[in-house]
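J.: Counting from 1, position 154 in the sequence shown corresponds to residue 154 in this note's numbering; the numbering is continuous, with no gaps.
Here it is, the structure in full.
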Amino acid sequence: MAAKKRTTLREKSAKATKSSLVNKISEFSETQDDSSYHENPFLKLSKVSKKDKQQEKSTTFAKKIEVNGNTSGGISKSSLRRRKRKAKEELKPKMNELLMSLDEPTNKNVKIVEKAGFIASSKSNKNLPNAAKRTGHSKILSQENKNFSSVLQNPKFRTSPFNALKEAIAQNLEK
Numbered sequence: 001m002a003a004k005k006r007t008t009l010r011e012k013s014a015k016a017t018k019s020s021l022v023n024k025i026s027e028f029s030e031t032q033d034d035s036s037y038h039e040n041p042f043l044k045l046s047k048v049s050k051k052d053k054q055q056e057k058s059t060t061f062a063k064k065i066e067v068n069g070n071t072s073g074g075i076s077k078s079s080l081r082r083r084k085r086k087a088k089e090e091l092k093p094k095m096n097e098l099l100m101s102l103d104e105p106t107n108k109n110v111k112i113v114e115k116a117g118f119i120a121s122s123k124s125n126k127n128l129p130n131a132a133k134r135t136g137h138s139k140i141l142s143q144e145n146k147n148f149s150s151v152l153q154n155p156k157f158r159t160s161p162f163n164a165l166k167e168a169i170a171q172n173l174e175k
């Protein structure tokens, strides 16, 4: 037979004090909840859960981004740059426009006649853009685009396109 577990007076009194201690703590907390005055507000436990705080933080952040963020209507900077670049490219004259303006294709052989003799040296103009440098190259390209568009708008170009282009190139070489 197994020995019966004894309950001593110490164990009984310990149980009684534990239950009375729990009762006292619950009574004290109830009285504290009823009062509106707190000695130190930082010692009072927060009524808002951590999850609620995180949710509130994220919503306020999202609102700030909507207000301060992308003012261009949801379009990124790179896509705006791409659109601007495409618009600039569309403004430039294209070879397709030149081919469409021609009435009929002509296959004439052009004979180049070279003149015998020496070419006179010319002094370089200091004010002209330098084609070897990037800025000079871009300036030259913009000038050529302007010249080409003016040739396309010239009424002589409609009647004889090759003669008009030839004259424009000759004028460009004289400069």
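Positions of the beta carbon are idealized from the N, C-alpha and C atoms, including for glycine.
Because the structure is a prediction, the values reported are computed rather than measured.
1) Could you check which residue in A164, R6, K123 and A168 has the C-alpha nearest to that of L102?
2) Could you tell me whether the Cβ atoms of P93 and L141 are closer together than 9 Å?
3) Mind reading off the beta-carbon distance from A168 to N147? Whole number of angstroms is fine, and I expect it under 8 Å.
4) Expressed to the nearest angstrom, what Euclidean distance is found between the alpha-carbon atoms of N130 and K139?
5) Report yes if the C-beta distance between P155 and L98 is below 9 Å; otherwise report no.
6) Just the C-alpha distance for S49 and V22, rounded to the nearest angstrom, thanks.
7) Can you say whether F157 is buried or exposed, counting buried as having 16 or more other CB atoms within 10 angstroms of its CB?
8) Can you tell me where the alpha helix (DSSP H) holding V151 begins and where it ends?
9) Rounded to whole angstroms, what is the Cα-Cα separation between K84 and A132?
10) Just checking L98 against the ligand NAD - is the residue's beta carbon closer than 8 Å to any of the ligand's heavy atoms?
11) Distance check for E144 and H137, CA to CA, integer angstroms please.
T.: Checking against the coordinates, here is how it stands:
1) Within the sequence shown, residue 102 is the residue found at index 102, counting from 1. Comparing Cα positions, the closest option is A164.
2) Within the sequence shown, numbered from 1, the residue matching residue 93 stands at position 93. Within the sequence shown, numbered from 1, the residue matching residue 141 stands at position 141. Cβ atoms of P93 and L141: not closer than 9 Å.
3) As a first step, residue 168 is located in the sequence shown; it is residue number 168 there, counting from the start. As a first step, residue 147 is located in the sequence shown; it is residue number 147 there, counting from the start. Indeed, because the Cβ distance is near 6 Å, the residues count as touching under 8 Å.
4) Locating residue 130 in the sequence shown gives position 130, counting from the first residue. Locating residue 139 in the sequence shown gives position 139, counting from the first residue. Rounded to the nearest angstrom, the two C-alpha atoms are 9 Å apart.
5) Start at 1 with the first residue of the sequence shown, and residue 155 comes out as number 155. Start at 1 with the first residue of the sequence shown, and residue 98 comes out as number 98. Not a contact, by the Cβ cut-off of 9 Å.
6) Here residue 49 refers to the residue found at position 49 when the sequence shown is read from its first residue. Here residue 22 refers to the residue found at position 22 when the sequence shown is read from its first residue. Whole-angstrom Cα-Cα distance: 25 Å.
7) Taking the first residue of the sequence shown as position 1, residue 157 is located at position 157. So F157 ends up on the buried side.
8) Within the sequence shown, the letter at position 151 stands for residue 151. Looking at the DSSP string, the run of the alpha helix (DSSP H) that includes V151 is R134 to Q153.
9) Residue mapping note: residue 84 aligns to position 84 of the sequence shown, counting from 1. Residue mapping note: residue 132 aligns to position 132 of the sequence shown, counting from 1. Rounded to whole angstroms, K84 to A132 spans 27 Å at the Cα level.
10) Ligands displayed in this structure: none; no statement on the ligand NAD is therefore possible.
11) As a working note, residue 137 is residue 137 in the sequence shown. As a working note, residue 144 is residue 144 in the sequence shown. The alpha-carbon atoms of H137 and E144 are separated by roughly 11 Å.
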